[in-house]
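Structure first, commentary second.
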Amino acid sequence: MAKKIIVAGLGHGGIAAAAILAESGYDVTVYEKQSEGTLGYDWTDIFAPKALKIAEMDMPDEDKFEYKEDMTFVAPNGAKLRQHVPEDELEIKMERKDIYDHFIKNAVDKGVKIVYDCEVQKPIMLGNRVVGIRTAKGDFFADLIIDSCGMNSPVRRNLPKSLMIEKEITRQQKITIFRAFYNKASDVEVEDKFKVLLLPEGLQGISWIASEDKYTDVLIGRFEDFDMDEVNRHLEYLRPTNPRLGTEIVRGGQFVEIPVRHPLSVMVADGYAAIGDSAFMTVPLIGSGIANSLKAARILAETIINDDAQAFSVESLWKYQVLFYKHLGTGLAPLECVKNLMFRFVPEDLDYCFETGILTDRNVTMTANFGSFFDTFDILDIPDLLNKAKQSCADPVLLGKMLGAGNRITAVTAACLAIPRKWDRKLVEIWAKAYTKIF
Ligand SMILES: Cc1cc2nc3c(=O)[nH]c(=O)nc-3n(C[C@H](O)[C@H](O)[C@H](O)COP(=O)(O)OP(=O)(O)OC[C@H]3O[C@@H](n4cnc5c(N)ncnc54)[C@H](O)[C@@H]3O)c2cc1C
Numbered sequence: 000m001a002k003k004i005i006v007a008g009l010g011h012g013g014i015a016a017a018a019i020l021a022e023s024g025y026d027v028t029v030y031e032k033q034s035e036g037t038l039g040y041d042w043t044d045i046f047a048p049k050a051l052k053i054a055e056m057d058m059p060d061e062d063k064f065e066y067k068e069d070m071t072f073v074a075p076n077g078a079k080l081r082q083h084v085p086e087d088e089l090e091i092k093m094e095r096k097d098i099y100d101h102f103i104k105n106a107v108d109k110g111v112k113i114v115y116d117c118e119v120q121k122p123i124m125l126g127n128r129v130v131g132i133r134t135a136k137g138d139f140f141a142d143l144i145i146d147s148c149g150m151n152s153p154v155r156r157n158l159p160k161s162l163m164i165e166k167e168i169t170r171q172q173k174i175t176i177f178r179a180f181y182n183k184a185s186d187v188e189v190e191d192k193f194k195v196l197l198l199p200e201g202l203q204g205i206s207w208i209a210s211e212d213k214y215t216d217v218l219i220g221r222f223e224d225f226d227m228d229e230v231n232r233h234l235e236y237l238r239p240t241n242p243r244l245g246t247e248i249v250r251g252g253q254f255v256e257i258p259v260r261h262p263l264s265v266m267v268a269d270g271y272a273a274i275g276d277s278a279f280m281t282v283p284l285i286g287s288g289i290a291n292s293l294k295a296a297r298i299l300a301e302t303i304i305n306d307d308a309q310a311f312s313v314e315s316l317w318k319y320q321v322l323f324y325k326h327l328g329t330g331l332a333p334l335e336c337v338k339n340l341m342f343r344f345v346p347e348d349l350d351y352c353f354e355t356g357i358l359t360d361r362n363v364t365m366t367a368n369f370g371s372f373f374d375t376f377d378i379l380d381i382p383d384l385l386n387k388a389k390q391s392c393a394d395p396v397l398l399g400k401m402l403g404a405g406n407r408i409t410a411v412t413a414a415c416l417a418i419p420r421k422w423d424r425k426l427v428e429i430w431a432k433a434y435t436k437i438f
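Residue numbering for the sequence shown follows numbering that gives the first Met the number 0, starting at 0 and increasing by one per position.
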């Protein structure tokens, strides 16, 4: 009889892994709290299409996506850096609802069953093993539970402490986002169609403004709660330099949260594996997580398929975590240190980095598609690094902040590389504590 796998929550990584597993003969059921046809947000997302192939998915139909334009990054004083992304590295922009439709069709075609309108409440444990989920529609049992319920997963948060899996996320490790499409107030030509403002108004966060043909796409991200009054106040600040930005919301208009932290230090247990936002797999600097979830889906599915005993013990699932850290986590985790460096920056620090060449067009170009600290700063580009070091030395306070971040980046990278190759409870406990302590 086929082994039973439950995917809790229809997250992107979970549904992608479900498809590969169902095609390989597993009996896979996804339990999702939303109703059929209502998943996603009323806005577009950007992700690297290469990840689809990795997750054994086709490209969507051509009328469902477009290639993303280069972005302009703006410092608090208005200084700019521009991306020049090569054609074969371009990301695609797609409606979130179309992304879901594409992923769901792929999974259903491959044999995945989906139960909608079914809220997962908590895991069901037998000793230290996760054996099922309690839902609003009753209890369901399986040989393995894949947790794809997102950042606040009730499965992860209700696991016993003995499994050593972190439950909570701190305020600084998540960003609150307001996103809306506003009507077009004028036909004025805009110089930079897609702008990302860093520390706008000197506030901790980012704002992006994309002047599309029919509307202006606004995203405001802050590391604190904020409300519509604050949104409207900030929009007044943006309008003089963005005359096309109207006052009427035509789509979106919600506040949501994205995790921007290092991946979970332990993401597996007997009968359990977390994926996507549930395991904090987003890029900590920019919050994109679709491509990483797809790549993780392939790693997880292959680990499950190659598990000789098919017992889905913590020992066999640990291979998923080791491979995840090897291919993704070791590049992602140091980016939380870069994000934290931004917290220590005053606007003048960022202005200085833009103006003196500590940050360059090349660095911001690498933010397209990037999932790794090492993609953003090419450690083999010695002349560029020497220039950055020379410029930083001229400002001792900034140099202190950069050196502090540099030390943490080195420590995090070393910790990721030192992940125990095999599951050993004591060793993993020591490693996870040491790794988490750095942040
Ligand atoms: C405003 C915003 C913009 C973003 N833009 C981008 C972007 O442009 N590019 C990019 O790559 N990433 C982007 N991201 C991040 C991206 O959405 C996630 O990192 C990625 O989708 C992986 O998250 P997930 O699918 O694992 O979790 P989620 O997207 O949180 O999905 C979890 C799923 O589980 C379901 N669920 C939750 N709780 C329960 C429960 N108790 N019972 C049953 N079901 C449950 C939810 O309904 C949902 O379907 C953005 C996120 C936000 C919020």
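Glycine included, every Cβ here is placed at the ideal spot set by N, Cα and C.
Please list, in chain order, all residues of the same chain as residue i whose beta carbon is under 7 Å from its beta carbon, the five residues on each side excluded.
i      : result
Cys415 : Tyr324, Gly328, Thr329 and Ala332
Asp108 : none
Leu20  : Ile4, Val27, Ala300 and Ile303
Met93  : Thr43, Asp44, Pro59, Lys63 and Phe64
Ile418 : Val321, Tyr324 and Trp430
Arg467 : Since the first residue of the chain shown is 0 and the last is 438, residue 467 is not available in this structure.
Gln33  : Tyr115
Leu349 : Ala74, Pro75, Leu197 and Leu198
Glu118 : Lys32, Thr134 and Ala135
Leu263 : Ile164, Glu165, Ala273, Ala278 and Phe279
What does residue i pair with, by DSSP beta-bridge criteria?
i      : result
Met93  : Asp44 and Phe64
Lys32  : Its beta-bridge partners do not exist; DSSP assigns none.
Lys194 : Thr71 and Ile208
Leu244 : Lys183
Pro258 : Lys173
Lys112 : Thr28
Pro122 : Ile132
Gly220 : Ile176 and Ile205
Gly137 : Thr134
Gly252 : Per DSSP, none; premise fails for Gly252.
Ile285 : Partner(s): none; Ile285 has no beta bridge.
Tyr214 : Asn182
Ala268 : Tyr271
For the alpha helix (DSSP H) containing residue i, list its first residue and its last residue.
i      : result
Ala18  : His11 to Glu22
Ile298 : Ile289 to Ile304
Ala433 : Arg424 to Lys436
Ile451 : Lying outside 0 to 438, the shown extent of the chain, residue 451 is not represented and no answer is given.
Lys338 : Pro333 to Arg343
Ala410 : Pro395 to Leu416
Cys117 : No alpha helix (DSSP H) contains Cys117, which DSSP labels as neither H nor E.
Arg155 : Pro153 to Arg156
Leu349 : Pro346 to Thr355
His233 : Met227 to Leu237
Asn76  : Element bounds for Asn76: n/a, residue is neither H nor E.
Val363 : Asp360 to Thr364
Leaving out five residues on either side along the sequence, give the residues of the same chain with a beta carbon under 8 Å from the beta carbon of residue i.
i      : result
Val446 : In the structure as shown, the chain starts at 0 and stops at 438, and residue 446 therefore has no counterpart that could be examined.
Met150 : Ile168, Lys173, Glu256, Ile257, Pro258, Asp276, Ser277 and Phe279
Gln309 : Lys2 and Asp142
Val265 : Leu162, Met163, Ile164, Glu165, Gln320, Val427 and Ala431
Arg250 : Asp41, Trp42, Ala179, Phe180 and Tyr214
Arg170 : Phe222 and Glu223
Lys421 : Glu314 and Trp317
Take residue i and list the residues in its own chain whose beta-carbon comes closer than 6 Å to its own, dropping the five residues that flank it on each side.
i      : result
Arg361 : none
Ser315 : Asp306
Tyr40  : Arg95
Leu38  : Tyr99
His363 : For the record, residue 363 in the displayed sequence is Val; it is not His. Excluding residues within five positions, the ones whose Cβ falls inside 6 Å are Phe72, Leu80 and Gln82.
Arg297 : Ile53 and Ala54
Asn105 : Ala18 and Met56
Lys425 : none
Cys352 : Leu358
Looking at the secondary structure, which residues open and close the beta strand (DSSP E) in which residue i lies?
i      : result
Arg128 : Arg128 to Thr134
Val313 : From DSSP, Val313 is part of no beta strand (DSSP E) but of the alpha helix (DSSP H) over Val313 to Phe323.
Arg81  : Lys79 to Arg81
Val6   : Lys3 to Ala7
Asp146 : Leu143 to Asp146
Ala272 : Tyr271 to Ala273
At least one CB of chain D closer than 8 Å to the CB of residue i: is that the case?
i      : result
Leu322 : The chain inventory of the structure shown lacks chain D, comprising one protein chain alone.
Under 7 Å from any heavy atom of ligand 2, does the C-beta of residue i make it?
i     : result
Gly77 : What this structure holds is ligand 1, not ligand 2.
Three CB pairs or more closer than 8 Å across the segment 102–119 and the segment 25–38: yes
Between the segment 231–246 and the segment 202–222, are three or more C-beta pairs nearer than 8 Å? Because the criterion of three Cβ pairs below 8 Å is met, the segment 231–246 and the segment 202–222 touch.
Would you call the segment 190–203 and the segment 150–161 touching, i.e. three or more CB-CB distances under 8 Å? No: the two stretches stay apart, fewer than three of their Cβ pairs being nearer than 8 Å.
Is it true that the segment 217–235 meets the segment 176–188, where meeting means three or more beta-carbon pairs spaced less than 8 Å apart? Yes: the two stretches touch, three or more of their Cβ pairs being nearer than 8 Å.
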